[in-house]
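Numbering (my numbering), first residue to last: 233 to 363.
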């Protein structure tokens with residue numbers, strides 16, 4: 233990477249996953265943890281979900297993505313990557329209206345509910361027997 237290259241940063245989180253994203257002007261190559269995104273996620277749908285902000289803003293193929301993902305599983309990491317890319321695109325240009333309309337700037341606050349004592353899982357109670 234040249235010294236005068238413009239780099240835009242964004243951080244995304246989902247469930248327990250965190251994605252630290254850098255986007256640089258380029259050809260549309262997506263790298264996650266130093267591996268190609270298709271190879272890293274293993275499912276094409278997860279990659280398409282992650283790069284959806286580029287499609288909404290018509291910037292597909294104009295930025296390279298370098299991301300570091302850790303924590304959680306692959307679905308959480310894909311969602312975190314999507315939010316990180318959207319936040320980085322905000323700094324790259326005036327895309328707020330498009331990204332907001334598509335819902336890409338909202339952090340998905342759903343996390344696993346904790347297990348309570350006296351129950352088998354978060355809400356599953358032990359089997360009840362009348363006799």
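For glycine and all other residues, C-beta sits at the position ideal for the given N, C-alpha and C. In this text, all values refer to a predicted model and were calculated from it rather than measured experimentally.
Comparing alpha-carbon positions, the option among 240, 347, 236 lying closest to residue 316 turns out to be 240.
Under the three-state reduction of DSSP output, residue 321 falls in the helix class. Contact check for residue 306 against residue 273 passes: the beta carbons are separated by less than 8 angstroms.
With 16 or more other Cβ atoms inside 10 Å of its own Cβ, residue 310 counts as buried. Per DSSP, reduced to three states, the secondary structure at residue 360 is coil, with no helix or strand assignment. The three-state secondary structure of residue 340, taken from DSSP, is coil. Taking all protein chains in view, the Cβ of residue 262 is crowded by 16 or more other Cβ atoms within 10 Å, so the residue is classified as buried.
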